[in-house]
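Heads up: the protein sequence lines correspond to chains A and B, in order. Be aware that the first sequence starts at 25, since it is given in our numbering, and climbs by one per residue. Be aware that the second sequence starts at 25, since it is given in our numbering, and climbs by one per residue. To keep things clear, I will list the structure first and then write my remarks on it.
There are 2 protein chains.
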Amino acid sequence: MREVFQQELQEVQERLVEISTLVTSAITNATTAFNESNVALAEIVIAEDHKIDALAASLDELATNILALQQPVARDLRIVVSALRISASLERMGDLAEHIAQLARYRYPDKVVKKSLRTTFAEMGRLDIAMAEKLTQLLTTEDLRLVDEIRNDDDALDELHVSVFDAVLGETWKGNAVDTVDVTLASRYHERFGDHAVSIAKKVQYLATGEWAPVGQQ
Amino acid sequence: MREVFQQELQEVQERLVEISTLVTSAITNATTAFNESNVALAEIVIAEDHKIDALAASLDELATNILALQQPVARDLRIVVSALRISASLERMGDLAEHIAQLARYRYPDKVVKKSLRTTFAEMGRLDIAMAEKLTQLLTTEDLRLVDEIRNDDDALDELHVSVFDAVLGETWKGNAVDTVDVTLASRYHERFGDHAVSIAKKVQYLATGEWAPVGQQ
């Protein structure tokens, strides 16, 4: 029985890595679609989000079945409960990548962002991709040095998010209302993507150290 | 043992109702603060969000302890797992109410929204409050008629959300970039608040009927 349980826990971990890999691919494609006005790539992100949703739902079923059949306690229980939360965050990160792709599709053949902010958004995309990659690595290896790296990436992302608003609300902003709406939403999507990555990283850290990151301080 | 367990399940339910009540109060005050530029009320919402966070964290601890000590199965297990998810959504709804209050505080003594859109935002706020109230009632009574009402409210909310973008992107929009950013964010916060309410309502429905709403289709 014990051996079956360890196999099941390993399957939970592998499935989280699988979903995180798909999320990384989604944000990578969404970022390219967004920066380069690549509508074909945007369509792929949008069409494939259901795969992330289905894998997250299936992982939730697995985790719930493990709770019912194996009745884990202590650290094993925390792993299964955390897996439920991590899958919810990964599913949401997939949605946010999809939203970024939708902005690219909507504005095609134009680019979503005016020239003055393109470097900023390219950097936000680069940080989101880096965080997603590190998350996959963290879920695979539990190398906790990655947690601090993810936090640092998120701090940089938050600074860029603030700088977008400074630019849009400054006197030199030449964008029309469409530009302003799109930039506001895109920046928000990137920022939330990063928040979820940090939230997951903290859960992995907690599993390794026993220190829980309280809800709302994530 | 069984009796203790039923008491614990009841406590989970009571705590969800308690958090939902605080969320209702937060969105009610945030909406008034936003519509009437009431900075004192905005400050209250912002200052009190930590209470929602703390109650959600404490409920998560209780639910995890129930899983460990009572090892529930079948419907009881689903209730506890669902409670974890519902508390996460309620916590997020509290954050969104806080974000709306922050917009009001930031723009004080001005109003956040230009005259042309004030009726729309008043209606969005009214719908969010109604959904939060119905959610509290649903969590208390499990009266499933409320689920459809909450869905209908959310459909109306989504229409208003679309109409905000139509207005901002139309030719008669006279707002500057600050107006456009604030209206975009506020509308998004209201819409996400409604999404979480529907997501919770579906989980309660599932507990009553056994029909699960898959992740990503919420």
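Ideal placement from N, C-alpha and C gives every residue a C-beta, glycine not left out.
For residue 57 of chain B and residue 104 of chain B, the rounded distance between their alpha carbons: Distance between the alpha carbons of residue 104 of chain B and residue 57 of chain B is about 35 Å.
Proximal residues to residue 81 of chain A (C-beta, below 6 Å), its chain only, five neighbours per side dropped: Excluding sequence neighbours, residue 81 of chain A sits near nothing in its chain.
Buried or exposed by the 16-neighbour rule on C-beta atoms within 10 Å, applied to residue 140 of chain A: Its Cβ having fewer than 16 others within 10 Å, residue 140 of chain A is exposed.
Chain A contact for residue 189 of chain B (CB, 9 Å cutoff): Taking Cβ atoms only, chain A reaches closer than 9 Å to residue 189 of chain B, which makes this a yes.
CA-to-CA distance, residue 92 of chain A to residue 97 of chain B, given in whole angstroms: Straight-line Cα distance between these residues: approximately 5 Å.
Rounded C-alpha distance that separates residue 107 of chain A from residue 228 of chain A: Their Cα atoms are separated by approximately 9 Å.
Below-9 Å beta-carbon distance, residue 102 of chain A vs any chain B residue: For residue 102 of chain A, at least one C-beta of chain B is nearer than 9 Å to its own C-beta.
Backbone CA spacing between residue 190 of chain B and residue 94 of chain A [nearest angstrom]: Straight through space, the alpha carbons of residue 94 of chain A and residue 190 of chain B are spaced by roughly 52 Å.
Neighbour list for residue 37 of chain B in chain A, Cβ cutoff strictly below 8 Å: Correct list: empty, because the minimum Cβ distance to chain A is about 19 Å.
Buried versus exposed, by CB contacts within 10 Å (16 or more), residue 71 of chain B: With fewer than 16 other beta carbons inside 10 angstroms of its own, residue 71 of chain B counts as exposed.
Beta-carbon proximity of residue 201 of chain A to residue 218 of chain B, cut-off 9 Å: No. Outside cutoff.
Beta carbon proximity, residue 41 of chain B to chain A, threshold 9 Å: Answer no: the Cβ-Cβ gap between residue 41 of chain B and chain A never drops below 9 Å.
Beta carbon proximity, residue 55 of chain A to chain B, threshold 9 Å: At least 9 Å separates the CB of residue 55 of chain A from every CB of chain B.
Interface residues of chain A facing residue 46 of chain B [CB-CB closer than 7 Å]: None at all; the shortest Cβ gap to chain A is about 13 Å.
Nearest-angstrom beta carbon gap, residue 83 of chain A and residue 26 of chain A [assumed within contact, 8 Å]: 22 Å between Cβ atoms; not a contact.
Where residue 120 of chain B falls: helix, strand or coil (DSSP): Collapsing the DSSP output to three states places residue 120 of chain B in a helix.
C-beta atoms of residue 162 of chain B and residue 171 of chain B nearer than 9 Å: In contact: residue 162 of chain B and residue 171 of chain B (Cβ atoms closer than 9 Å).
Whole-angstrom distance between residue 113 of chain B and residue 44 of chain A, CA atom to CA atom: In this model, residue 44 of chain A and residue 113 of chain B are separated by some 22 Å (Cα to Cα).
Ordered list of alpha helix (DSSP H) runs contained in the segment 82-128 of chain A, each at least 4 residues: You should have found no qualifying run.
Assigned exposure category for residue 54 of chain B - 16 Cβ within 10 Å defines buried: With at least 16 other beta carbons inside 10 angstroms of its own, residue 54 of chain B counts as buried.
Range of the contiguous alpha helix (DSSP H) that encloses residue 202 of chain B: Residue 202 of chain B -> alpha helix (DSSP H) spans 201-233.
Counted within 10 angstroms of its Cβ, other Cβ atoms place residue 160 of chain B as buried (16 or more) or exposed: Counting Cβ neighbours within 10 Å, residue 160 of chain B comes out buried, since at least 16 surround it.
Contacts that residue 95 of chain A makes with chain B (C-beta to C-beta distance below 7 Å): Neighbours of residue 95 of chain A on chain B, chain order: 95.
Neighbour list for residue 202 of chain A in chain E, Cβ cutoff strictly below 8 Å: The chain labelled as chain E is not found among the protein chains of the depicted structure, namely A and B.
Rounded C-alpha distance that separates residue 109 of chain B from residue 77 of chain A: Distance from the CA atom of residue 109 of chain B to the CA atom of residue 77 of chain A, rounded to whole angstroms, is 16 Å.
Burial state of residue 168 of chain B (16 or more Cβ within 10 Å): Note on residue 168 of chain B: under 16 other CB atoms within 10 angstroms of its CB, so exposed under the neighbour-count rule.
Close beta carbons around residue 120 of chain A, own chain, < 7 Å, minus the five adjacent residues each side: Non-local C-beta neighbours of residue 120 of chain A in its own chain, meaning closer than 7 Å and more than five positions away in sequence, comprise 213, 216, 217, ordered along the chain.
is_contact[residue 129 of chain A, chain B] using C-beta, thresh 9 Å: Cβ-Cβ to chain B under 9 Å: no for residue 129 of chain A.
Rounded Cβ spacing between residue 186 of chain A and residue 128 of chain A (contact assumed at less than 8 Å): Between residue 186 of chain A and residue 128 of chain A a beta carbon distance of about 23 Å is seen, past the 8 Å cut, so the two are scored as non-contacting.
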